[in-house]
Amino acid sequence: LHCLRQWVLRPATEGSQCSFVELVSSCAKDQKPSWYVSHCAGSVLEFVRCLREHSQRHGLGESATYWVDAYAENPWVEGEAQEVGSLKAMAMAQGTVQVIGSGPVAYLEVGSHS
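Numbering (this note's numbering), first residue to last: 407 to 520.
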């Protein structure tokens, strides 16, 4: 995650000093999280597989939005201000997903209302 932040997220957002999500999203409503996602270090492929599995199990379809901490947090904001943004996103979300690995138990879910 540190490498992603230093080599991709910060350079991509340097001009606007915003999160990657804000940079690539064309509309504010696209940024509203259905699910807050935090993850451990691992392959991007396994990460995507976990979220696809989560989406399929809940019948979420294409309209589900996942607020992935690494991409949605502003890499230019540090400390307590960053925490406040994450807490706001968790409060808005339907639930949280913690990607913990791969295989049959690849994620943990907290606060789901479905």
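Using N, Cα and C, we set each Cβ at its ideal position, and we do this for glycine too.
Asked	Found
Three or more beta-carbon pairs under 8 Å between the stretch 479-488 and the stretch 413-426, yes or no?	yes
Can you look up V505 in the DSSP assignment and give me helix, strand or coil?	strand
Would you tell me roughly how many angstroms separate the C-alpha atoms of Y472 and R458, rounded to the nearest one?	11 Å
Only counting the same chain, and skipping five residues up and downstream in sequence, which positions put a Cβ closer than 6 Å to that of Y442?	W473, A495, M496, A499 and T502
Is P417 buried or exposed, if buried means 16 or more other CB atoms sit within 10 Å of its CB?	exposed
Can you have a look at L493 and say buried or exposed, based on whether 16 or more other CB atoms are within 10 angstroms of its CB?	exposed
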